[in-house]
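Colleague: Before I ask anything, here is the structure I am working with.
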Amino acid sequence: MIKWLPLLFLCLSSPLYSIDTAIFDDSFRVELVEKSSPLQELLALFSTRRCVESGFTEERYFAFRKEPVRLRGTLCYITGVGLSLLYEEGDSRLLIFKGTELIRYAAADNERSVYPVDADHAYLESVMAFNLPALENDFNVYFQTEDDQWLLGLQRREKVVRGAKGKNIAVTSIVLQGKGSLLHTIAIRNANGFERVIRMEGVSVMDSVSNTLKQRYFPE
Amino acid sequence: MKCNRLQILAITLLVTALLAAILVRVGQGHITDDMLALIDWSDASEDATLARSMLLSGEAAQMFFVFSGDAADTFADSFVSDLNSSGHFLSVLRLDDYDWVAPVGTYYADHYLPLGAPLWFASACERYQFKNGCPAITDAAFLDWLSDDAIRQLDEFLQSDQAEFFNDWIPRDPLLFFPKATESFLNGANQSDRGHSSILVWARLKNAPLSREGQDPVMTLIDALSEQLPESVEFHYTGVNRFSMANRVAIQKEVQWVNIAMFVLLGGVLWFSFGNVRSAFFLLLPLPVPLLLAALLTFLCFGNVHVISLVIGGIILGVALDYGFHVSAHRFDLSGSALRSLWGGCLTSMLAFLCLVFSPLRSIAQIGVFIGSGLLLALISFLLYHRIGWFTHISDLRRIDLWKPAGKWFRCALGCFLVFALLGLMRIHFDDDVRLLQMPTKALYEEDALVRSAFSQSGRIALLTYGRDVDEVVSRASQLSAYSGAFNLLTFTGTPAQRDVFTAWNAEYGQQFSRAFRDKLMLSEYDADAFAPFFDKWDQFPEEDVPALIEGLSRSLQGPLSNLAHFSDDGNWILTSVSSLREGVALPEGTIPLDQLGHLNQSFEHYRIELMSTAFKGLLLAALVTVLIGGLRKGLKAYLSAFICTAAGVGVCSWLGIPFNLFHVAAALLSVCLCLDYALFTVHLGKCCLPVSVQISGATTLTAFAVLAFSSIPAVHSIGFSVCLCVGIALVFCHCFLVTNE
Numbered sequence: 031m032i033k034w035l036p037l038l039f040l041c042l043s044s045p046l047y048s049i050d051t052a053i054f055d056d057s058f059r060v061e062l063v064e065k066s067s068p069l070q071e072l073l074a075l076f077s078t079r080r081c082v083e084s085g086f087t088e089e090r091y092f093a094f095r096k097e098p099v100r101l102r103g104t105l106c107y108i109t110g111v112g113l114s115l116l117y118e119e120g121d122s123r124l125l126i127f128k129g130t131e132l133i134r135y136a137a138a139d140n141e142r143s144v145y146p147v148d149a150d151h152a153y154l155e156s157v158m159a160f161n162l163p164a165l166e167n168d169f170n171v172y173f174q175t176e177d178d179q180w181l182l183g184l185q186r187r188e189k190v191v192r193g194a195k196g197k198n199i200a201v202t203s204i205v206l207q208g209k210g211s212l213l214h215t216i217a218i219r220n221a222n223g224f225e226r227v228i229r230m231e232g233v234s235v236m237d238s239v240s241n242t243l244k245q246r247y248f249p250e
Numbered sequence: 017m018k019c020n021r022l023q024i025l026a027i028t029l030l031v032t033a034l035l036a037a038i039l040v041r042v043g044q045g046h047i048t049d050d051m052l053a054l055i056d057w058s059d060a061s062e063d064a065t066l067a068r069s070m071l072l073s074g075e076a077a078q079m080f081f082v083f084s085g086d087a088a089d090t091f092a093d094s095f096v097s098d099l100n101s102s103g104h105f106l107s108v109l110r111l112d113d114y115d116w117v118a119p120v121g122t123y124y125a126d127h128y129l130p131l132g133a134p135l136w137f138a139s140a141c142e143r144y145q146f147k148n149g150c151p152a153i154t155d156a157a158f159l160d161w162l163s164d165d166a167i168r169q170l171d172e173f174l175q176s177d178q179a180e181f182f183n184d185w186i187p188r189d190p191l192l193f194f195p196k197a198t199e200s201f202l203n204g205a206n207q208s209d210r211g212h213s214s215i216l217v218w219a220r221l222k223n224a225p226l227s228r229e230g231q232d233p234v235m236t237l238i239d240a241l242s243e244q245l246p247e248s249v250e251f252h253y254t255g256v257n258r259f260s261m262a263n264r265v266a267i268q269k270e271v272q273w274v275n276i277a278m279f280v281l282l283g284g285v286l287w288f289s290f291g292n293v294r295s296a297f298f299l300l301l302p303l304p305v306p307l308l309l310a311a312l313l314t315f316l317c318f319g320n321v322h323v324i325s326l327v328i329g330g331i332i333l334g335v336a337l338d339y340g341f342h343v344s345a346h347r348f349d350l351s352g353s354a355l356r357s358l359w360g361g362c363l364t365s366m367l368a369f370l371c372l373v374f375s376p377l378r379s380i381a382q383i384g385v386f387i388g389s390g391l392l393l394a395l396i397s398f399l400l401y402h403r404i405g406w407f408t409h410i411s412d413l414r415r416i417d418l419w420k421p422a423g424k425w426f427r428c429a430l431g432c433f434l435v436f437a438l439l440g441l442m443r444i445h446f447d448d449d450v451r452l453l454q455m456p457t458k459a460l461y462e463e464d465a466l467v468r469s470a471f472s473q474s475g476r477i478a479l480l481t482y483g484r485d486v487d488e489v490v491s492r493a494s495q496l497s498a499y500s501g502a503f504n505l506l507t508f509t510g511t512p513a514q515r516d517v518f519t520a521w522n523a524e525y526g527q528q529f530s531r532a533f534r535d536k537l538m539l540s541e542y543d544a545d546a547f548a549p550f551f552d553k554w555d556q557f558p559e560e561d562v563p564a565l566i567e568g569l570s571r572s573l574q575g576p577l578s579n580l581a582h583f584s585d586d587g588n589w590i591l592t593s594v595s596s597l598r599e600g601v602a603l604p605e606g607t608i609p610l611d612q613l614g615h616l617n618q619s620f621e622h623y624r625i626e627l628m629s630t631a632f633k634g635l636l637l638a639a640l641v642t643v644l645i646g647g648l649r650k651g652l653k654a655y656l657s658a659f660i661c662t663a664a665g666v667g668v669c670s671w672l673g674i675p676f677n678l679f680h681v682a683a684a685l686l687s688v689c690l691c692l693d694y695a696l697f698t699v700h701l702g703k704c705c706l707p708v709s710v711q712i713s714g715a716t717t718l719t720a721f722a723v724l725a726f727s728s729i730p731a732v733h734s735i736g737f738s739v740c741l742c743v744g745i746a747l748v749f750c751h752c753f754l755v756t757n758e
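Going line by line, the protein sequences match chains A and B.
Going by the numbering used here, the letters in the first sequence line up with residues 31 to 250, in that order.
Going by the numbering used here, the letters in the second sequence line up with residues 17 to 758, in that order.
Written as structure tokens, this is what we have:
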């Protein structure tokens with residue numbers, strides 16, 4: 031994915047479509063060092079997960095479209111292995127974020143391509159892992175909770191200079207929405223105005239990983 | 017005139033020291049081991065010049081590096097920075113860094129409409145006609161289909177992984193000219209669909225890869241940097257300069273052991289021949305001065321002399337020792353037949369080798385002067401030393417009694433063998449392979465394959481198309497579009513034919529399409545107003561100077577893409593990479609395959625043919641001299657014997673399946689000269705058995721060349737094996753057929 035970075039240098043201002051920016055109010059700003067906070071409790075809950083599998087709908091918001099482009103598929107996150115997104119509509123493909131690599135399998139011919147994963151796409155795996163200490167280096171953290179519903183906002187610390195090499199797609203903000211130990215929605219906004227909202231449906235959290243599941247989402 | 021031994025020794029040593037000092041002074045800075053000095057620069061044809069330029073400064077000047085492992089990223093960055101600041105490279109870049117694609121991206125983005133539209137239109141027409149069975153592209157149905165197709169393409173693109181990068185570009189380019197060109201740029205640099213996550217670094221050398229400047233400092237730097245590598249980083253690299261340097265170092269080592277082995281064995285033969293060291297030393301003493309003089313003469317004639325010429329020339333000049341044996345053997349009766357044989361052998365060899373001066377290969381011409389003059393000077397030197405009584409201090413040569421008189425059956429068997437061997441000439445086949453000059457280095461070849469496969473360079477064929485101007489080159493290169501997997505500059509711009517079709521269509525239907533497309537966008541959940549930048553530009557379609565546009569695009573290409581095209585006063589060319597050539601179809605006019613190995617092999621074939629022609633003339637001259645000096649009957653007999661023995665040796669090589677090459681030709685020439693020397697002596701002085709000087713000369717020659725035959729350098733092995741075979745046959749032939757029973 032990083033391959034497209036330098037070729038795009040045209041930056042226009044674009045509106046925010048889907049992300050509720052209210053979360054980025056200073057009153058919701060939190061520091062991870064705070065002990066016994068609701069966020070720490072949530073982190074503790076997420077740290078025990080071994081595997082998450084879920085259906086998802088991805089909405090892609092482009093500046094020139096009235097409606098978002100919708101893609102559907104299933105995803106799987108396995109602690110210590112990586113994140114796998116299986117797109118089942120349109121250009122069917124399997125994308126695996128595995129450490130420093132992004133592996134892509136095209137459904138048409140099962141051709142395997144490997145790319146070094148760039149920082150902006152590595153955030154997605156960190157989000158799924160709920161690895162906030164890793165994200166805190168680049169983002170300010172905002173947290174809001176009501177009953178068992180919660181909203182977690184991540185806003186980039188540095189101002190992204192749009193138009194500079196590779197910065198036009200740099201992630202500027204991420205918003206996660208969930209209930210209890212379940213993550214429902216991930217919304218990511220890029221510096222060039224593009225937004226991606228991943229809504230998860232039928233989330234199942236597992237303590238062990240079956241071979242069938244691993245083979246489906248992380249084929250060798 | 018007789019001189020005191022000590023006086024002769026002192027004078028010889030003094031003259032040797034003086035000549036050595038002069039030679040060191042003259043040769044300083046004029047001995048080259050640069051492979052470029054071996055190449056013939058006189059061929060000024062346009063394709064040869066272009067191909068050479070690409071081989072020396074284009075394709076061959078590239079180096080490829082692959083890093084993988086955990087800390088690869090950090091190390092690759094500092095590596096690139098160190099190489100860039102070293103001054104040995106024109107450009108070093110990480111292929112995933114993409115700064116190098118930015119200039120071409122910027123240029124394309126500025127001219128995306130005139131550059132991209134013909135290609136987009138050609139592709140759409142192809143899909144339309146394929147789907148609908150070749151209807152006209154001028155009817156209303158086509159316009160409707162074209163708008164729908166554009167929307168369909170855009171919808172599909174927005175679902176792809178790349179779409180997010182183009183969020184703010186697409187309003188200017190809904191027909192996706194730029195994203196598609198980008199895909200092509202990255203395909204061209206093999207960065208689009210890669211099967212691995214290694215970091216690739218590409219570099220262009222400042223100096224020619226075959227020169228010392230392009231090798232030694234570069235390799236020293238890379239070695240130093242690779243030593244700093246952490247264990248977790250795997251590092252591989254390749255380049256023509258790496259091969260060239262590895263070969264040079266290996267050849268130097270090989271030549272050292274070959275020389276040592278030869279000196280030890282020849283010393284043994286000399287000691288055996290005389291039974292004491294003193295005589296051996298006395299025999300060798302007249303040799304250094306003529307050899308140094310010959311080397312000096314070669315420097316004066318050529319200015320710069322290649323080290324290969326000096327090494328090969330030096331080894332072959334060991335043959336001059338034969339004259340020493342002959343003079344020594346006949347020191348008390350050196351007149352009449354013996355003297356005639358000596359002069360005959362020497363002059364024929366000298367003339368044959370001097371003919372090599374006309375060879376187009378500079379190093380062969382140098383060998384010709386070095387050996388030709390060396391042989392003559394060596395004979396004069398031996399005769400001079402004989403005249404002043406030096407050889408009277410030498411012991412008699414030992415006769416080897418292995419040579420029993422040949423019986424009738426043995427001669428008959430030898431005759432049959434010769435006929436059979438000569439039949440082998442009908443099976444002779446040539447294989448001119450420049451790799452004969454290389455030491456096989458399996459590990460390097462394996463690493464090269466590994467690195468080139470990471471850069472997706474394996475199995476592609478490069479074709480170079482040249483012409484007078486941009487138009488001609490583009491027109492010629494466009495004919496290669498039909499080749500399988502063709503990739504060149506026109507992949508981004510379309511061919512002239514595609515451009516003509518689009519221009520004609522756009523003039524008549526461009527506005528209608530614009531309106532139809534705008535309507536379709538509105539109906540398809542797109543914000544048609546957002547695309548105003550595109551429609552404004554399309555409705556006033558820019559008229560641009562196409563050759564200038566293509567030239568501008570070529571100037572913006574950097575990194576690995578910079579090899580794709582070149583337009584300047586130095587020449588105009590486009591490089592096309594194809595998966596395969598079309599069997600039975602000739603390449604378009606002005607197009608040549610740019611295969612480095614193929615080109616060098618072609619040069620080698622050219623040199624071999626030239627050498628064969630020159631050697632043939634030399635041998636005719638040698639025949640004349642032999643007849644003049646040796647008399648018609650004996651001279652012709654000796655000459656034909658030498659010729660038959662050499663031809664039989666070549667025939668045996670053919671039966672053994674050994675292909676004939678440039679070095680076999682050189683070896684055959686040398687063999688004829690050596691065999692002629694033995695034949696002349698045997699014809700004139702061989703009574704009852706081989707003359708003792710021929711026996712000893714043969715033994716030294718066989719010893720020296722047998723050592724060469726064990727060399728790992730295929731070229732040296734070829735010379736050693738061929739000469740051994742021919743000389744061996746000649747000695748047996750002389751013994752069986754030329755020795756008289758008088």
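Where a beta carbon is used, it is the ideal one built from N, C-alpha and C, also for glycine.
DSSP three-state label for A:Gly129, please.
Modeller: Residue state, collapsed to three classes: coil.
Colleague: With DSSP as the reference, label B:Leu480 as helix, strand or coil.
Modeller: B:Leu480 falls in the strand class under three-state DSSP.
Colleague: Of all Cβ atoms in chain A, is any one closer than 9 Å to the Cβ of B:Pro609?
Modeller: For B:Pro609, the answer is no, since every Cβ of chain A falls outside 9 Å of its Cβ.
Colleague: Using a Cβ-Cβ cut-off of 9 Å, state whether B:Leu174 counts as contacting chain A.
Modeller: Yes, contact with chain A.
Colleague: Would a C-beta distance cut-off of 9 Å place A:Ala93 and B:Ala546 closer than the cut-off?
Modeller: Yes, the pair counts as a contact, with Cβ atoms nearer than the cut-off.
Colleague: Report the partner residues of A:Gln207 according to the DSSP bridge assignment.
Modeller: Per DSSP, A:Leu181, A:Thr215.
Colleague: Tell me where the alpha helix (DSSP H) around B:Ile735 begins and ends.
Modeller: That run of the alpha helix (DSSP H) goes 730 to 749.
Colleague: Name the residue from B:Phe398, B:Gly291, B:Asp165, B:Ser578 whose alpha carbon lies nearest to the alpha carbon of B:Asp338.
Modeller: That would be B:Phe398, whose Cα lies nearest to the Cα of B:Asp338.
Colleague: Do B:Leu299 and B:Phe290 have their C-beta atoms within less than 9 Å of each other?
Modeller: A contact, by the Cβ cut-off of 9 Å.
Colleague: For B:Val467 versus B:Ile47, is the C-beta spacing smaller than 9 Å?
Modeller: No, Cβ-Cβ distance for B:Val467 and B:Ile47 is not below 9 Å.
Colleague: Is B:His322 helix, strand or coil when you go by DSSP?
Modeller: Strand.
Colleague: Which residues of chain A have a Cβ atom closer than 9 Å to the Cβ of B:Tyr123, listed in chain order?
Modeller: Those do not exist, as B:Tyr123 stays about 11 Å from chain A at its closest Cβ, beyond 9 Å.
Colleague: What is the residue span of the alpha helix (DSSP H) that B:Thr236 lies within?
Modeller: Note, B:Thr236: alpha helix (DSSP H), 232 to 243.
Colleague: Out of curiosity, what's the CA-to-CA distance linking B:Val285 and B:Gly646?
Modeller: Their Cα atoms are separated by approximately 29 Å.
Colleague: Given a cut-off of 9 Å, decide if B:Ser657 and B:Cys705 are closer than it, judged by their beta-carbon atoms.
Modeller: No, these two residues do not count as a Cβ contact at 9 Å.
Colleague: When you compare only the Cα positions, how much space is there between B:Ile380 and B:Asn223?
Modeller: Looking at the two C-alpha atoms, the distance is approximately 26 Å.
Colleague: So with CB distances below 9 Å, who are the chain A contacts of B:Ile186?
Modeller: Chain A residues near B:Ile186: Phe92, Ala93, Phe94.
Colleague: Do B:Ala638 and B:Leu441 come within 9 Å of each other at the CB atom, strictly closer than that value?
Modeller: Result no, Cβ atoms of B:Leu441 and B:Ala638 do not sit closer than 9 Å.
Colleague: Taking only beta-carbon atoms, is B:Asn100 less than 9 Å away from chain A?
Modeller: Closer than 9 Å: no.
Colleague: Quick one: which unbroken beta strand (DSSP E) runs of 3-plus residues sit fully inside the segment 75 to 147 of chain B? Chain order, please.
Modeller: Here the runs fully enclosed are 78 to 84, 105 to 110.
Colleague: Report all residues from its chain with a CB closer than 7 Å to the CB of A:Leu154; omit the five preceding and five following residues, and keep chain order.
Modeller: Counting only Cβ-Cβ distances below 7 Å, and skipping sequence neighbours, we find Leu113, Phe127.
Colleague: Residues in the same chain with beta-carbon distance under 7 Å from B:Cys317, minus the five sequence neighbours each way, listed in chain order, please.
Modeller: Val385, listed in sequence order.
Colleague: Report yes or no: is there a C-beta of chain A within less than 9 Å of the C-beta of B:Pro130?
Modeller: Output row for B:Pro130: interface = no.
Colleague: Let me confirm a value: B:His409 is counted as buried when at least 16 other C-beta atoms fall within 10 Å, else exposed. Which label applies?
Modeller: So B:His409 ends up on the exposed side.
Colleague: Mind checking which residues open and close the beta strand (DSSP E) that includes A:Asn170?
Modeller: 169 to 176 is the span of the beta strand (DSSP E), which, as asked, contains A:Asn170.
Colleague: Which residues does DSSP pair with A:Cys106 in a beta bridge?
Modeller: BP columns for A:Cys106 point to A:Glu83, A:Ser114.
Colleague: In chain A, which residues lie less than 9 Å from B:Ala179 when you measure between Cβ atoms?
Modeller: What B:Ala179 touches in chain A: Arg90, Phe92, Val99, Phe224.
Colleague: Taking 9 Å as the CB-CB limit, is B:Pro246 close to chain A?
Modeller: Output row for B:Pro246: interface = no.
Colleague: Identify which residue in B:Phe679, B:Asn257, B:Asn522 has its Cα closest to the Cα of B:Val732.
Modeller: Per the Cα distances, B:Phe679.
Colleague: Any residues in the segment 540 to 568 of chain B with a beta carbon nearer than 7 Å to a beta carbon of chain A? Which ones, in chain order?
Modeller: Per Cβ criterion, the list reads Glu541, Tyr542, Asp543, Ala546, Phe547.
Colleague: Would you call the segment 737 to 756 of chain B and the segment 660 to 674 of chain B in contact, with 3 or more CB pairs under 8 Å?
Modeller: Short answer: they touch.
Colleague: Could you give the distance in angstroms between the alpha-carbon of B:Leu816 and the alpha-carbon of B:Phe620?
Modeller: Since the first residue shown for chain B is 17 and the last is 758, residue 816 of chain B is missing from the structure and cannot be characterised.
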